[in-house]
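Once you know that position 17 of the sequence shown is 17 in my numbering, the rest is easy, because the numbers rise by one and skip nothing.
Glycine is no exception: its CB is placed at the ideal position from the N, C-alpha and C atoms.
All of these numbers come straight from a predicted model, not from anything done at the bench.
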Amino acid sequence: MIVMAKYVLGFFGLLLFSCGLTPEMDADSLIQKTVAAHGWNLGKPTEIAFNFRDYHYEVNRDASGVRYSREKQDSLGLTKDIWTNFSTFERTRNGQVVVLSDSLQTLYANSLNSVLYFAQLPLGLQDQAVMAEYKGLTQLNNQSYHQLAITFKQEGGGEDFQDQFYYWIHSLRFEIDYMAYSYHTNGGGTRFRVGKNKQQVKGLLFQDFDNYKPKQHPSPLDSLAILWEQQNLEWLSAIENRAIEVYRD
């Protein structure tokens with residue numbers, strides 16, 4: 001009977017492969033494979049730098065922790081934001097500290113974190129505050145995708161712990177090709193992103209995104225891929241990072 005069971009399991013495995021289907025998996029295994037497919041299993045680099053719109057962004061890691069920063073040059077001079085270890089925020093202009101209210105510090109820190117969080121995906125899926133739920137396989141744009149829903153614990157989840165994410169991860173490449181998220185800061189909203197222009201830099205996979213929103217609000221996150229295929233989403237913007245640099249020790 002054991003031998004027969006092995007033949008039956010082997011037959012169904014061959015059937016899945018021949019039909020172009022992929023077995024389902026648990027959330028933790030999917031996250032590990034996705035992190036590896038994007039190159040983050042190689043370890044966190046000491047520095048990532050890129051240009052996005054009017055700003056130059058950097059992530060720096062050393063023995064003292066992590067530092068997020070951005071800077072831009074305009075008619076006021078050089079403005080620089082620095083967020084250290086996700087706790088201390090400082091803005092300087094032309095080298096002088098700008099005094100900010102607590103609410104403005106939170107606003108600017110959230111804005112800085114948002115850009116760098118997306119740029120480093122799927123690294124953030126390994127955060128301790130993440131609660132991941134595997135939602136099964138689906139077909140999107142004639143390809144098979146694992147679906148992953150992400151919510152956050154209040155403790156350790158930051159100011160935006162109520163945000164929700166939904167990822168479509170290619171069943172063979174384990175790359176994030178599509179994502180959706182809802183957010184509550186700055187009035188809140190829902191977005192759907194389509195990956196494009198993938199590139200490898202020092203072993204890390206980066207990509208740009210086209211950014212969409214539902215024409216009718218609100219829409220469940222897991223419905224946005226279908227709405228996109230039906231051309232029922234409104235294009236908002238292109239998320240394009242330029243001059244990406246990665247440094248490792």
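- Ranking Gly189, Gln164, Tyr167 and Gly77 by CA distance to the CA of Lys213 puts Gly189 first.
- For Ser171, the secondary structure class from DSSP, reduced to helix, strand or coil, is coil.
- Assigned with DSSP and collapsed to three states, Asp81 falls in strand.
- Residue pairing by DSSP leaves Glu229 without any beta bridge partner.
- Membership of Lys198 in the beta strand (DSSP E) is indicated by the continuous run Gly189 to Val201.
- Distance from the CA atom of Asp102 to the CA atom of Leu116, rounded to whole angstroms, is 21 angstroms.
- Note: Leu76 is not bridge-paired with any residue in the DSSP secondary-structure output.
- In this structure, the alpha-carbon of Leu224 lies about 25 angstroms from that of Gln32.
- In this structure, Leu205 and Gly43 do not form a Cβ contact; the two beta carbons are roughly 15 angstroms apart against a cut-off of 8 angstroms.
- Ranked by Cα distance from Leu148, the options Glu175, Ser69, Val98 and Gly65 are led by Glu175.
- Separation of the CB atoms of Asn211 and Leu227 is rounded to 14 angstroms, and the pair is thereby denied contact status at 8 angstroms.
- Contact between Tyr178 and Leu140 holds: CB atoms are separated by about 7 angstroms, below the 8 angstroms threshold.
- By a beta-carbon distance limit of 8 angstroms, Ala109 does not contact Asn241. Their separation comes to about 20 angstroms.
- Within the same chain, Ala49 and Ser69 come within 6 angstroms of Glu58 by CB-CB distance, once the 5 residues on both sides are set aside.
- Where Lys33 is concerned, the enclosing alpha helix (DSSP H) starts and stops at Ala27 to Ala37.
- Taking the Cα positions, Arg61 is about 43 angstroms away from Gln230.
- The straight-line gap separating the alpha-carbon atoms of Ile239 and Arg191 is approximately 12 angstroms.
- Looking at the DSSP output, Pro214 sits in a beta bridge with Leu233.
- Each residue's CA atom was taken as its position, placing Thr84 and Asp249 some 20 angstroms apart.
- For Val130, the CB contacts under 7 angstroms within the same chain, skipping 5 residues up- and downstream, are Ile150 and Phe152 in chain order.
- In the three-state scheme derived from DSSP, where H, G and I count as helix and E and B as strand, Ala180 is classed as strand.
- Cβ-Cβ distances below 6 angstroms link Asn113 to nothing in the same chain once the five nearest sequence neighbours on each side are left out.
- Taking Gly203 as the centre and dropping the five residues before and after it, the same chain places the C-beta of Gly39 and Leu42 closer than 7 angstroms to its C-beta, in chain order.
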